[in-house]
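Please read the structure below before turning to the comments.
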Amino acid sequence: MRRTLIPISIILTLLIFCGYQYGYIAANYSCKVYPNQCDGEGSGDDRTSPTVGQLIIEAASFLLQSNSDYQLFLKNYENSADCGIDFAVFREIIDNAVENMERASLKYFQTWEISKCFDYDPLVLEKLRQFDYEKFQKENNLNPAIFQEVSNFLKTGNVNSIYEKAYNATDGILRELRVIKASIDSGSIPAIKDCWRINQKYLELELFLMYVSQVFFEI
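So for the sequence shown, this note's numbering puts the first residue at 1; every next one is plus one.
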């Protein structure tokens, strides 16, 4: 009998994520806390530097594309039980996942750095402090542990640290992807438990960033 390598929960989670566009899912709207940083006119004295909002969208695009590449890798891993292993295909897919995660990590680092240059909007901070996080979590059936982390950042007005977390998380996933890439490049299939762990980290990060978006959209 054919072995099923990828848990069905992965498939269900993917279906959930397919309902969103990257421009609106991963920490978007959080730029509202920085005055004039959600428009497309650029920032800085010459108005040519990207805004926080622009960087967030670019980072989210690369993050979700890297995850899409990784899901394709998992699909091929799953199918290898029946169809065998084509290392050339595996190598191309994982290379794409690594490249897009490198770009995502860089964009989140840039977002973290540039956001330090701007003061918070006190009106937005007050809305974040007054927001009923517990009610919102229950009404939307959000993951309690992940949303608790989100609320800890937002209710104290610590928005900048969200981008720091996103950078550290993408950098961590990138390091693990490179280990997978090294296995594929050497002609070895990585252990499935390592693949599961990376997949979980992708999903946890995307949920965290999506919850940030949901709160800012609500306020």
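By construction, the Cβ of each residue, glycine as well, lies at the ideal position given by its N, Cα and C atoms.
Runs of the alpha helix (DSSP H) lying entirely within the region 172-219, each at least 4 residues long, are 192-218 in chain order. Secondary structure at F153: helix, using DSSP grouped into helix, strand and coil. The beta-carbon separation of Y163 and W112, rounded to 4 Å, stays under the 8 Å limit for a contact. It is roughly 12 Å from the alpha-carbon of I198 to the alpha-carbon of V98. Scanning the region 49-90 for uninterrupted alpha helix (DSSP H) segments of 4 residues or longer gives 52-83, listed from N- to C-terminal end. In the structure shown, the three-state DSSP call for D132 is coil.
Between the region 53-68 and the region 106-121 there are three or more C-beta pairs closer than 8 Å, enough to call the two in contact. The straight-line gap separating the alpha-carbon atoms of R103 and S61 is approximately 9 Å. Minimum Cα-Cα distance from D121 among the listed residues N160, D132 and A169 corresponds to N160. A direct Cα-Cα distance of roughly 20 Å separates L128 from N141. The way I'd put it, the region 72-80 doesn't touch the region 132-141; fewer than three beta-carbon pairs between them come closer than 8 Å.
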